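Chemist: Got a structure for you, written out below as structure tokens; questions coming shortly.
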Amino acid sequence: MIQTARLTLRPAEPSDLAALHAIFTDPVAMRHWSHPAHEHLDQTAARLEGFIRAERELGPELMILHDGQLIGRAGMWREWEVGYLLAPAAWGHGYATEALTALCAEAFARHPACAALTADIDPRNIGSARVLEKCGFTVTHHAANTFCINGEWSDSTYYCLPRPAAP
Numbered sequence: 377m378i379q380t381a382r383l384t385l386r387p388a389e390p391s392d393l394a395a396l397h398a399i400f401t402d403p404v405a406m407r408h409w410s411h412p413a414h415e416h417l418d419q420t421a422a423r424l425e426g427f428i429r430a431e432r433e434l435g436p437e438l439m440i441l442h443d444g445q446l447i448g449r450a451g452m453w454r455e456w457e458v459g460y461l462l463a464p465a466a467w468g469h470g471y472a473t474e475a476l477t478a479l480c481a482e483a484f485a486r487h488p489a490c491a492a493l494t495a496d497i498d499p500r501n502i503g504s505a506r507v508l509e510k511c512g513f514t515v516t517h518h519a520a521n522t523f524c525i526n527g528e529w530s531d532s533t534y535y536c537l538p539r540p541a542a543p
């Protein structure tokens with residue numbers, strides 16, 4: 377578990393299903409995600425099981441809580457790529473930046489062989505681009521037509537955060 381100034385980041389639990397489902401079924405939250413909004417609870421249950429498995433196998437994979445309420449997730453979904461998703465009600469408060477900063481520190485601490493973390497976003501997601509830049513990520517390249525969600529193609533912008541120099 378990680379405590380920041382305003383957030384608690386902890387591994388996923390089966391009891392997170394309802395709160396995660398509310399986020400994963402929200403078309404606004406999922407607008408720039410790599411798959412469409414969930415339509416069924418079993419889709420979110422499978423994703424939650426994936427988060428639990430990812431924490432065990434690679435980690436960190438963490439749920440983001442504010443005042444005890446689950447507002448999103450941040451984690452490594454493959455070696456060494458990070459991702460995050462917050463409920464729209466939590467946008468604009470700096471929570472994503474706070475969570476991602478903590479996640480990156482934890483990822484570098486857990487994985488000494490990791491020279492850099494990467495991220496990939498839809499370039500139309502200006503808010504996410506700002507979060508990555510505030511956390512020290514820089515753009516490495518762009519690619520066209522990387523995801524087709526509900527018949528709409530989107531591009532990707534790729535980011536990198538080198539391991540901080542040892543003090």
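Take any residue in the sequence shown, note its place counting from 1, add 376, and you have its number in the working numbering.
Glycine residues also receive a C-beta, built at the ideal position from the N, C-alpha and C atoms.
Just so we're clear, the structure is a prediction, and the values are computed from it rather than from any experiment.
(1) If you draw a straight line from the C-alpha of T473 to the C-alpha of G527, how long is it?
(2) With respect to the alpha helix (DSSP H) encompassing R423, which residues constitute its N-terminal and C-terminal limits?
(3) I'd like to know whether the C-beta atoms of C480 and C511 end up nearer to each other than 9 angstroms.
(4) Could you give the distance in angstroms between the alpha-carbon of E433 and the alpha-carbon of S532?
(5) Which parts of the region 463–536 are runs of the alpha helix (DSSP H), unbroken and 4 residues or longer, counting only runs that do not cross its ends?
(6) How long is the line joining the alpha carbons of W409 and G470, rounded to whole angstroms?
(7) Per the contact definition of three or more C-beta pairs closer than 8 angstroms, is the region 497–505 in contact with the region 434–447?
(8) My understanding is that T467 touches A430, with C-beta atoms under 8 angstroms, so please give their C-beta distance in whole angstroms.
(9) Kindly indicate which residue of W529, Y534, D418 and E389 has the alpha-carbon position closest to the one of V458.
Modeler: To lay it out plainly:
(1) Taking the first residue of the sequence shown as position 1, residue 473 is located at position 97. Taking the first residue of the sequence shown as position 1, residue 527 is located at position 151. C-alpha separation (whole angstroms): 31 angstroms.
(2) Residue mapping note: residue 423 aligns to position 47 of the sequence shown, counting from 1. It spans L417 to E433 - the alpha helix (DSSP H) in which R423 sits, taken as one unbroken run.
(3) For the purposes of this step, residue 480 is taken as the residue at position 104 of the sequence shown. For the purposes of this step, residue 511 is taken as the residue at position 135 of the sequence shown. Cβ atoms of C480 and C511: closer than 9 angstroms.
(4) Locating residue 433 in the sequence shown gives position 57, counting from the first residue. Locating residue 532 in the sequence shown gives position 156, counting from the first residue. Spanning the two alpha carbons is a distance of roughly 26 angstroms.
(5) Restricted to the region 463–536, the alpha helix (DSSP H) segments that are unbroken, complete and at least 4 residues in length are 471–486 and 502–510, listed in chain order.
(6) To locate residue 409, count along the sequence shown from 1; it is residue 33. To locate residue 470, count along the sequence shown from 1; it is residue 94. Rounded to the nearest angstrom, the gap between the Cα atoms of W409 and G470 is 19 angstroms.
(7) Result no; under three Cβ-Cβ pairs closer than 8 angstroms.
(8) Translated into positions along the sequence shown, residue 467 becomes position 91. Translated into positions along the sequence shown, residue 430 becomes position 54. In the sequence as displayed, the identity of residue 467 is Trp instead of Thr. Between A430 and W467 the Cβ distance is about 24 angstroms, and since that is not below 8 angstroms, they are no contact.
(9) The count along the sequence shown starts at 1 and reaches residue 458 at position 82. Checked all of W529, Y534, D418 and E389; the closest Cα to V458 is Y534.
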